[in-house]
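Numbering-wise (the numbering used here), the sequence shown opens with residue 34 and increments by one.
Just below is one structure, and these are the notes that go with it.
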Amino acid sequence: MNLTLMGLKAEILCLGNELLIGRTINKNAADIALALTKIGFTVTRETTVRDDVNRASEALNEIIQRKPNCILITGGLGPTHDDIQLEVVAKSISTKLVINNKAVKMMEQRYNISNQNLNEYMIKMCTLPEGSNALNNSKGAAPGVEIYYHDNIIFCLPGVPKEMNAILHEEIIPRLIEHFQPKSKMIEFGFSLRGVGESTIVDLTNHVMNMYPDVGFKSHPKNDDTGYWMELHTYMVGSDENLVKNACQTWFEKLNDHFQVDLTPITHIFNSEFEPE
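Below, the structure is given as structure tokens:
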């Protein structure tokens, strides 16, 4: 079983010079990946590109050709000169930008004004790829965008984290669940280990992996103020929670039997705390 290429696929495209000069840490990509993984998507790739229409369009074209089920783009959605995201999308899917009536109504409600009083910057945020659907932005002005293009659904999101997360969780995730009705989810259990190095447990881990070929095993070395330790995870995208938990239990027991080290159950982002039996 190829654990990394199961089920529904998604890719993330991030735009922004600030991401590539080290000024801004790309937390948006992590937030999107986590939200998608929780509902059963496998994020196969994340691409970051500068604020350059041609380069970003080239990157988006490559993503479209790989045919993920959905593409989420973040950054460059707004009123300023470097907000190029929608121009990039229009170029890639060979369509034009037009004023979107739904987006205009959202802008009118946001600022409590009539469309005659919308300034050029507001109009820019209402100018979307033809045929797209405007998504409500409860935390800002620029609407999100939903576009169906061949085998892909493209979602456009602002780069401001508060706005991005609002559209992601209030608009996009519910749409993805309704459209794809995922039957699988990310299942993960784990524990922490202190007292031995990663290389020391390789043979034992390989033995347990052979017992559970449909489950993924991952170690994450850490080094902080408390010293060296590891997080150990079992995981899969599927529906058999007991299988993943049993694999974790077996790994836990065999490490405990062989090394008598400090093993501590930990709480994970996808499941409740692992309780060794």
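Even for Gly, the Cβ is constructed at its ideal location relative to N, Cα and C.
Should residue i go down as buried or exposed, given a rule of 16 or more other Cβ atoms within 10 Å for buried?
| i | result |
| --- | --- |
| Ile210 | exposed |
| His291 | exposed |
| Asp84 | buried |
| Leu38 | Residue placement at Leu38 cannot be trusted, given a pLDDT of 46 that sits under 50; the coordinates are not used to answer. |
| Ala63 | exposed |
| Glu246 | It should be noted that the sequence gives Pro, not Glu, for residue 246. It is exposed - the Cβ of Pro246 has fewer than 16 other Cβ atoms within 10 Å. |
Quickly, what does DSSP pair residue i with across the bridge? List them, please.
| i | result |
| --- | --- |
| Trp262 | Lys255 |
| Lys42 | Thr75 |
| Thr113 | Note: Thr113 sits in no beta bridge, so no partner. |
| Val270 | Met219 |
| Thr297 | Ser225 |
DSSP three-state label for residue i, please.
| i | result |
| --- | --- |
| Leu53 | helix |
| Ser305 | Residue confidence for Ser305 is low, a pLDDT of 45 falling below 50, so the modelled location carries little weight and cannot support an answer. |
| Thr283 | helix |
| Ile96 | helix |
| Ile106 | strand |
| Val277 | helix |
| Val82 | strand |
With distances taken from CA atoms, which of the options is nearest residue i?
| i | options | result |
| --- | --- | --- |
| Glu179 | Asn239, Glu204 and Arg78 | Glu204 |
| His253 | Leu237, Leu226 and Tyr245 | Leu226 |
| Asn275 | Thr233, Thr128 and Met219 | Met219 |
| Ile58 | Arg99, Phe74, Gly73 and Gly108 | Gly108 |
| Val270 | Asn169, Asn256, Phe250 and Leu168 | Phe250 |
| Gly173 | Lys195, Glu163 and His183 | Lys195 |
| Asn170 | Glu153, Lys138 and Asp184 | Lys138 |
Using 8 Å as the limit for Cβ to Cβ distance, is residue i near chain B?
| i | result |
| --- | --- |
| Ala63 | Checking the listed chains, one finds no chain B in this structure; it contains a single protein chain. |
**OP:** Would you list, in sequence order, the uninterrupted beta strand (DSSP E) runs of no fewer than 3 residues that lie entirely inside the region 128–173?
**Re:** Under the rule that a run must span 3 or more residues, the beta strand (DSSP E) segments found entirely inside the region 128–173 read 130–132, 160–162 and 166–168.
Original post:
Where are the alpha helix (DSSP H) runs, 4 residues long or more, that stay fully inside the region 164–246, in chain order?
Top reply: You should have 194–200, 206–213 and 235–244.
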